[in-house]
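The structure under discussion appears below in the form of structure tokens.
In our numbering, the protein residues as written are -5 to 411.
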């Protein structure tokens, strides 16, 4: 797993890129950029009064920003800006996110419409930032044979940031509910994160000057739309996520029925992030050696078991004992974090290996947009089903739907390990 395992790769080649990837992902919406997320959920639930299914629809709409990622990839791949395919777009998208957070910080009152519009715009900026970074990772990592290492750096930074964000986010949510911390101050602080990303990208990314689309990028884009394997993989990633989500209703259940505070929910996220960090390390050293199709097959079964494990939270003998309940919740979240990390990294590496070097931004974005589209549909479908079937049945339906992805597994464009 050493970053310098090839004599052809010098420190000056990979270190600046590693720093950029780590910083971008550390401050991304997967990292510190998600600091206000839990507080916003409480704002929508407690102050604005959204029902569980309404919160699920709200979350689904904001995910539209991630579904249009191929558009950002095509723009970045085909239309250089100020002589750059990646750097200029990364700087500008980061600054746009910062401006949107600033506008929210100066709002006199918060409504569903205001939050929906600006959070979606912020997600679009982060999605553009994510696409550009992934494109840079593919086109610089493939020649160095380092896509796996760069992704390990990216997601290790994310998981460290997630631990910090979860611990701080829970406290922030409690402070915001009590009025100790204003939402204006929280959004103002969050604006600092994409600003720092823009500064690092501006000074550390070095690209050869480009003023027009590269012929290889155009050819690569033509080829991918004729490649059936790309579309099979895209639908596989969509179906992987497209099981009815019970996330929003379960959030209400944890707060209203189980009595979990914002601080404890933050602790649960932190322990899950710790599991994800361990999972990313385990994947790099152990799970990456397992044949990918076999690994994905057992991952699906593991995911079904993980979904059904949520029934622990409905057992009277456990829910009636707060200390035992919290101990089980912390333990479960740690192991669920490990499982989610190793599965997600396997999917990411599969997508990166499939992406052509010269149109990496577009292809990687296309694949991950199907993944995100599945998540968006999952949230919307869960919001629709919850009032009809209730939380327990929704969990069972989610587990059963997770098995459908197995039908596509034999057709994935994976070379034999």
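For glycine and all other residues, C-beta sits at the position ideal for the given N, C-alpha and C. If you're wondering where the values come from, they're calculated on a predicted model, not measured in any experiment.
query: Would you mind working out which of 380, 61, 13 sits nearest residue 244, comparing C-alpha positions?; result: 380
query: Considering only the beta carbon of each residue, do residue 374 and residue 12 sit closer than 8 angstroms?; result: no
query: Would you mind working out which of 361, 312, 26 sits nearest residue 189, comparing C-alpha positions?; result: 26
query: Check residue 176 in the structure and name its three-state DSSP category.; result: coil
query: Would you call the CB atoms of residue 150 and residue 271 closer than 8 angstroms?; result: yes
query: Given residue 163, which residues of its chain have a CB within under 6 angstroms of its CB, disregarding the five upstream and five downstream residues?; result: 29, 32, 260
query: State the Cα-Cα distance for the pair residue 120 and residue 367, rounded to the nearest angstrom.; result: 16 angstroms
query: Tell me the rounded alpha-carbon separation between residue 112 and residue 157.; result: 25 angstroms
query: Residue 396 and residue 301 look like a contact to me (Cβ under 8 angstroms); what is the Cβ gap, rounded to whole Å?; result: 6 angstroms
query: On the three-state DSSP scale, how would you describe residue 1?; result: Confidence is the limiting factor: at residue 1 the pLDDT is only 42, short of 50, which leaves the residue's position unreliable and the question unanswerable from this model.
query: Please list, in chain order, all residues of the same chain as residue 371 whose beta carbon is under 6 angstroms from its beta carbon, the five residues on each side excluded.; result: 236
query: Can you tell me which of the three DSSP states residue 239 falls into?; result: coil
query: Measuring CB to CB, does residue 265 end up less than 8 angstroms from residue 182?; result: no
query: Using a Cβ-Cβ cut-off of 6 angstroms (strictly less than) and excluding sequence neighbours within five positions of residue 393, which residues of its own chain qualify?; result: 298, 301, 302
query: For residue 78, which three-state DSSP category applies?; result: strand
query: Which residues in the same chain as residue 134 place their Cβ atom closer than 6 angstroms to its Cβ, once the five residues preceding and following it in sequence are excluded?; result: 11
query: From residue 20 to residue 144, what distance separates their C-alpha atoms?; result: 13 angstroms
query: According to DSSP, simplified to helix, strand and coil, what is residue 381?; result: helix
query: Please confirm if residue 335 has its CB atom under 8 angstroms from at least one CB of chain B.; result: The structure shown contains no chain B, having only a single protein chain.
query: Among the residues of its own chain, which have a CB less than 7 angstroms from the CB of residue 406, if the five just before and after it don't count?; result: 226, 227, 230, 287
query: Let me confirm a value: residue 174 is counted as buried when at least 16 other C-beta atoms fall within 10 Å, else exposed. Which label applies?; result: exposed
query: Mind reading off the beta-carbon distance from residue 330 to residue 269? Whole number of angstroms is fine, and I expect it under 8 angstroms.; result: 7 angstroms
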